Structure formats: structure tokens, C-alpha cells
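Student: Throughout, the numbering used here is defined as the position within the sequence shown, counted from one, plus 224. We treat Cβ as the ideally placed atom computed from N, Cα and C, and that holds for glycine. Since this is a predicted model, take the numbers as computed values, not measurements.
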Amino acid sequence: MSYATLAGRTALVTGAASGMGAATARALAAHGTRVVLTARRADRLTALADTVTAHGGQALAVTADVTDPAAVRAAADRAHEAFGRVDLVVNAAGVMLPNPVAAGRADEWRRMIDTNLTGALTVIGALTPDLVAAAADGAPADLVNISSIGAHIPFPDYAVYGATKAALTYLSQSLRTELGPRDVRVTNIEPGLTESELAGHVDNARLAGQLDGMADAFGTLSADDIADLVAYTVSRPRHVNLRQIVALPTRQA
Numbered sequence: 225m226s227y228a229t230l231a232g233r234t235a236l237v238t239g240a241a242s243g244m245g246a247a248t249a250r251a252l253a254a255h256g257t258r259v260v261l262t263a264r265r266a267d268r269l270t271a272l273a274d275t276v277t278a279h280g281g282q283a284l285a286v287t288a289d290v291t292d293p294a295a296v297r298a299a300a301d302r303a304h305e306a307f308g309r310v311d312l313v314v315n316a317a318g319v320m321l322p323n324p325v326a327a328g329r330a331d332e333w334r335r336m337i338d339t340n341l342t343g344a345l346t347v348i349g350a351l352t353p354d355l356v357a358a359a360a361d362g363a364p365a366d367l368v369n370i371s372s373i374g375a376h377i378p379f380p381d382y383a384v385y386g387a388t389k390a391a392l393t394y395l396s397q398s399l400r401t402e403l404g405p406r407d408v409r410v411t412n413i414e415p416g417l418t419e420s421e422l423a424g425h426v427d428n429a430r431l432a433g434q435l436d437g438m439a440d441a442f443g444t445l446s447a448d449d450i451a452d453l454v455a456y457t458v459s460r461p462r463h464v465n466l467r468q469i470v471a472l473p474t475r476q477a
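1. For A288, which of N412, A375, T238, H304 has the nearest alpha-carbon?
2. With H, G and I counted as helix, E and B as strand and the rest as coil, what does DSSP make of L431?
3. Can you give the Cα-Cα distance for V310 and T393, rounded to whole angstroms?
4. What residue does the beta strand (DSSP E) around L466 start on, and which one ends it?
5. Could you check what DSSP says for I377 in three-state terms: helix, strand or coil?
6. Would you grab the beta carbon distance between V203 and I337 for me? Rounded to a whole angstrom, and I think it's under 8 Å.
7. In terms of residues, what are the limits of the alpha helix (DSSP H) holding D267?
8. Determine which residues share a DSSP beta bridge with P415 and list them.
9. What is the DSSP secondary structure of V310, reduced to helix, strand or coil?
10. Helix, strand or coil, according to DSSP, for V257 in the structure here?
11. For L445, does the three-state DSSP call read helix, strand or coil?
12. Could you spell out where the beta strand (DSSP E) holding V286 opens and where it closes?
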């Protein structure tokens with residue numbers, strides 16, 4: 225499978241400090257894409273940028289929290305200064321904090337909404353002009369949102385997390401009506417059980433145990449599986465939009 229069209233592109237990847245974001249940045253860089261790495265943990269970003277560079281790629285580490293509009297704008301400016309226009313955006317930043325709604329964890333609700341939905345919107349708002357300009361010049365232009373199978377399949381105690389991902393899935397669908405006619409592709413990817421640090425954020429021992437049990441029963445996708453899916457998707461001819469992708473471990477029905 226040829227990913228040759230990724231060479232020379234510029235991508236900004238959120239959530240690049242770990243998991244699917246980091247794996248996606250590595251995969252894109254391996255095929256010649258210049259990658260702008262954004263997340264909150266500067267040490268992780270620097271280490272990843274060093275790894276990409278050591279393997280002959282080009283990477284810029286920019287510490288930025290997607291819930292901070294000023295930081296997102298500054299990250300876009302840094303990207304422009306280093307590599308010019310961004311023609312590929314991957315919204316991989318996310319947080320999963322399951323608990324019963326009756327527990328009243330408004331702190332967790334706000335964090336998930338601010339990161340999973342508002343944060344993605346902030347990144348989209350900052351970089352849509354780049355994508356539109358790239359497409360107008362005849363180049364491929366891609367927005368990839370990492371949602372979740374939880375957008376469609378309800379799980380007890382995951383109501384707020386699922387709602388944020390359902391909103392992201394709907395946002396992707398609606399954005400295609402705005403950006404598709406301008407030749408910007410919008411792809412929504414919904415992974416099932418996937419190895420990541422998300423499970424480590426869960427502070428409910430019962431639910432953490434359930435996640436471990438599901439992983440044992442079904443197996444998990446790796447972050448690299450999702451990264452390869454992103455690379456495949458954005459390397460298709462520019463008139464081909466793989467709009468909605470659900471990726472599950474084979475045993476997860």
C-alpha cells in the first residue's frame with residue numbers, strides 16, 4: 225500500500241504525548257509528513273520530536289492544552305513559522321472519565337466536554353482557514369477527528385463520555401456539508417477497545433475492573449492500528465473521502 229502522497233505535507237496532531245496521537249504522529253512522519261506535536265506534557269512531546277528527528281523526520285513540539293484557545297492559536301502560529309500552512313489536522317486529544325450520572329461529578333463532565341468537544345472545535349476553528357486554502361490550491365486537505373464507538377453504543381456509566389463523542393461524530397458529519405464542497409475532507413474514526421492511557425484516568429475501581437475484563441475477553445487494538453488507519457485514509461486520492469470509519473477488535477461485536 226502506497227502512502228507516498230504523505231511526503232511533504234504538514235500535520236498538526238493533538239494529544240500527541242501518548243496513545244493514538246503519538247502513534248499517528250510517528251506514522252505520518254515516517255512517510256515524510258512534517259508533524260507539529262501538541263499536548264500538555266512538554267517532556268513527552270520533546271522526546272517524541274527527538275525520536276522523529278533521529279529517524280530522519282521533521283517534528284515540532286508545541287506544548288498546548290486544547291481547552292486553552294490562546295494556546296491553540298499560539299500552536300498554529302508556531303506551526304506556520306516552522307513549516308508553513310497546515311494541510312492535515314488530527315484531533316486525537318481526549319479524556320474518558322466514566323461514572324454514574326447520579327454521582328454528580330460535574331468536574332468530570334466539564335473536563336470531558338471541554339477537551340473532547342470544545343477543544344476539538346477550538347483546533348478546527350484555528351486551522352480551517354489553512355485547510356481551505358490548501359484545498360483551493362489543489363492540494364489534499366484533511367480534518368480527522370478521533371471519536372469512539374461509544375458515540376453509537378451506550379455503556380452504563382459512560383453517558384457523558386458517550387455524549388461528547390456523539391457530538392464529535394455529529395460535528396464531523398455536519399462539517400462535511402460545509403467543507404466538502406470546498407474540497408476539504410473530513411473523516412471521523414470511531415475506535416473500539418484500544419490500548420491507551422484513557423483507562424488510567426478512571427477513578428472508579430469497579431469501572432476500571434470492567435475495562436480490564438473487556439480487554440481480556442475481546443483483546444484490544446493498538447494505537448499503531450489506529451495510526452495506520454489514519455495514514456491510509458489521508459493518503460487516498462484527494463477526491464476520495466473515507467468519511468466514517470468504525471474500527472473494532474475482531475472479537476468485540
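Tutor: Taking the definition as stated:
1. The residue with the shortest Cα to Cα distance from A288 is T238.
2. It is helical.
3. The straight-line gap from Cα to Cα measures roughly 22 Å.
4. It is not in any beta strand (DSSP E) - L466 carries neither H nor E in the DSSP assignment.
5. Of the three classes helix, strand and coil, the one that applies to I377 here is coil, per DSSP.
6. Shown here, the chain extends from 225 to 477; a query on residue 203 therefore has no answer.
7. For D267, the enclosing alpha helix (DSSP H) stretches over residues 266 to 278.
8. A471.
9. Collapsing the DSSP output to three states places V310 in coil.
10. Sequence check: residue 257 is Thr here, not Val. T257: coil per DSSP, three-state reduction.
11. In the three-state scheme derived from DSSP, where H, G and I count as helix and E and B as strand, L445 is classed as strand.
12. Taken as a continuous stretch (DSSP letters only), the beta strand (DSSP E) holding V286 covers 283 to 287.
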